[in-house]
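For what it's worth, this note's numbering labels the leading residue of the sequence shown as 374, then goes sequentially.
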Amino acid sequence: MLRRTYDRVITLAERPTAPLWLFAFAFAEASFFPIPPDVLLIPMALANPRRAPWLAALTTLGSVAGGALGYLIGYALFAKLAQPIIHLYHYDAVFAAFQHKFAEYGVAIILIKGLTPIPYKIVTIAAGAAAFNFPLFMAASVVTRGGRFFIEALLLRLFGAPARHFIEDRLGLVTATVAVLILAGFIALKFA
Numbered sequence: 374m375l376r377r378t379y380d381r382v383i384t385l386a387e388r389p390t391a392p393l394w395l396f397a398f399a400f401a402e403a404s405f406f407p408i409p410p411d412v413l414l415i416p417m418a419l420a421n422p423r424r425a426p427w428l429a430a431l432t433t434l435g436s437v438a439g440g441a442l443g444y445l446i447g448y449a450l451f452a453k454l455a456q457p458i459i460h461l462y463h464y465d466a467v468f469a470a471f472q473h474k475f476a477e478y479g480v481a482i483i484l485i486k487g488l489t490p491i492p493y494k495i496v497t498i499a500a501g502a503a504a505f506n507f508p509l510f511m512a513a514s515v516v517t518r519g520g521r522f523f524i525e526a527l528l529l530r531l532f533g534a535p536a537r538h539f540i541e542d543r544l545g546l547v548t549a550t551v552a553v554l555i556l557a558g559f560i561a562l563k564f565a
């Protein structure tokens, strides 16, 4: 089943509409969707390593634009939209602690958490709810999200074929590792 899913994602990654889906996925993840855009970026870059930098730029643009929506949710719509999302994920206490940390360490939080597997939407909504300086938030988002996606793209561009063979030969191990990293991000958020 895992092999069929992987083959399907690689096939979909080669379609002409794939970049639009990548942008939409990155946008949604930064504001309300729980799965990181890396799950599309990596197969798309593996399918065509020469396009990896362009795909990283597109992912960054989508993520930063989605981050602006996440900020708006936190800033203008916290009571109606953000609070139910936070409550749905059982992050009420974590979110309160996060807001306090934003007042003290805002830019550092954006830069560090934007590089980790911690869901970026938590950062964007918290920045808006804390009324963090919007231009500074956007600049930090470009740096951290761009850094993350361009590092991935560079590695996939440099090691595209060998990385693809490694992933295909050890698909179960790679999938388990990605799942553990995502879970670690949620756990780190809960205890951060």
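Glycine residues also receive a C-beta, built at the ideal position from the N, C-alpha and C atoms.
Status (buried if at least 16 other CB within 10 Å, exposed otherwise) for Ala502: Counted from its first residue, the sequence shown places residue 502 at position 129. Ala502 is buried by the Cβ-count criterion.
Under 7 Å between C-beta atoms of Ala517 and Gly443: Numbered from 1 along the sequence shown, position 144 holds the residue referred to as residue 517. Numbered from 1 along the sequence shown, position 70 holds the residue referred to as residue 443. The identity of residue 517 in the sequence shown is Thr, whereas the question assumes Ala. Cβ atoms of Thr517 and Gly443: not closer than 7 Å.
Lys474 and Ala403 closer than 7 Å at C-beta: As a working note, residue 474 is residue 101 in the sequence shown. As a working note, residue 403 is residue 30 in the sequence shown. Not in contact: Lys474 and Ala403 (Cβ atoms no closer than 7 Å).
Assigned exposure category for Thr433 - 16 Cβ within 10 Å defines buried: By one-based count along the sequence shown, residue 433 stands at place 60. When all chains shown are included, Thr433 counts as buried.
Residue of Gln472, Trp427 and Leu419 minimising C-alpha distance to Gly447: Reading the sequence shown from its first residue, position 74 is the one you call residue 447. The shortest C-alpha separation from Gly447 is found at Gln472.
Status (buried if at least 16 other CB within 10 Å, exposed otherwise) for Val412: Indexing the sequence shown from 1 puts residue 412 at position 39. It is exposed - the Cβ of Val412 has fewer than 16 other Cβ atoms within 10 Å.
Rounded separation between Ala570 and Asp465 - CA only: This structure cannot settle anything about residue 570, because the visible part of the chain is limited to 374 through 565.
Residue closest to Phe510, alpha-carbon to alpha-carbon, out of Trp394, Pro416 and Leu445: By 1-based counting over the sequence shown, the position of residue 510 is 137. Ranking the options by Cα distance to Phe510, first place goes to Leu445.
DSSP-derived helix/strand/coil call for Gly646: Shown here, the chain extends from 374 to 565; a query on residue 646 therefore has no answer.
Where the alpha helix (DSSP H) containing Glu387 begins and where it ends: By 1-based counting over the sequence shown, the position of residue 387 is 14. Where Glu387 is concerned, there is no enclosing alpha helix (DSSP H), given that its DSSP letter is neither H nor E.
C-alpha distance - Ile431 paired with Pro422, whole-angstrom precision: Within the sequence shown, numbered from 1, the residue matching residue 431 stands at position 58. Within the sequence shown, numbered from 1, the residue matching residue 422 stands at position 49. Per the sequence shown, the amino acid found at residue 431 is Leu instead of Ile. Each residue's Cα considered, the two are about 15 Å apart.
Alpha-carbon spacing of Gln456 relative to Arg377, whole angstroms: In the sequence shown, counting from the first residue as 1, residue 456 sits at position 83. In the sequence shown, counting from the first residue as 1, residue 377 sits at position 4. Each residue's Cα considered, the two are about 38 Å apart.
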